[in-house]
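Q:
Numbering (mature numbering (1 follows the signal peptide of the UniProt record, and there is no 0)), first residue to last: -20 to -1, 1 to 135.
(1) If we count the other Cβ atoms within 10 Å of its Cβ and call it buried at 16 or more, is residue 70 buried or exposed?
(2) Report the option in 37, 101, 91, 96 whose CA atom is closest to the CA atom of residue 76.
(3) Counting only runs that start and end within the stretch 22 to 106, where is the beta strand (DSSP E) found for 3 or more residues in a row?
(4) Touching or not, the stretch 89 to 104 and the stretch 40 to 59, by the rule of three or more beta carbon pairs under 8 Å?
(5) If you compare alpha carbons, which of 130, 122, 115 is closest to residue 45?
(6) When we look at the beta-carbon of residue 111 and count the other beta-carbons within 10 Å, is it buried (16 or more) or exposed?
(7) Buried or exposed for residue 62, please, with buried defined as at least 16 other CB atoms from any protein chain shown within 10 angstroms of its CB.
Okay, structure coming up:
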């Protein structure tokens, strides 16, 4: 067992050891101070631990009225993350915010490649109603509900 200090940020847990940040799949109970957590390689033989390195984290929020129609019952938005300056392909975690009805959507956490195919600079998200009942979902509705995409990316 190694001693790590932990910082919890949203859905991601960042562990620091010797001043370098790495990401672990291990659950950390305490979010502050010194906590004993198992090295992933010690608890799961299918996980290999690489050398300590650095991690780049970016986050943002889209505008509310950039949605376009992709099918009669679905909308899409391309989200620009280029300001984060990712050098490689990041892992994105997304959610939808707004004033109403975003709880009833499907696709809120599904990230697709943007039109240019480069996930370093953005992603595309597709939404539809979680319970398809034939009701239309349009960009005008999304704009009226104030829906936006909030995201965190890490590499």
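Built from N, CA and C at the ideal position, the CB exists for glycine as well.
A: Taking the geometry as given:
(1) Sequence index remark: in the chain shown, residue 70 carries index 90 (1-based). Per the 10 Å Cβ criterion, buried.
(2) As a working note, residue 76 is residue 96 in the chain shown. Among 37, 101, 91, 96, the Cα nearest to that of residue 76 is on 91.
(3) Counting whole runs of 3 or more residues, the stretch 22 to 106 contains the beta strand (DSSP E) stretches 37 to 41, 48 to 51, 54 to 60, 71 to 77.
(4) Contact between the stretch 89 to 104 and the stretch 40 to 59 is present, because at least three Cβ pairs lie under 8 Å.
(5) Stepping through the chain shown from its first residue, residue 45 is reached at position 65. The candidate whose alpha carbon is nearest that of residue 45 is 122.
(6) The sequence position of residue 111 within the chain shown is 131, counting from 1. So residue 111 ends up on the exposed side.
(7) As a first step, residue 62 is located in the chain shown; it is residue number 82 there, counting from the start. Exposed, since its Cβ has fewer than 16 Cβ neighbours within 10 Å.
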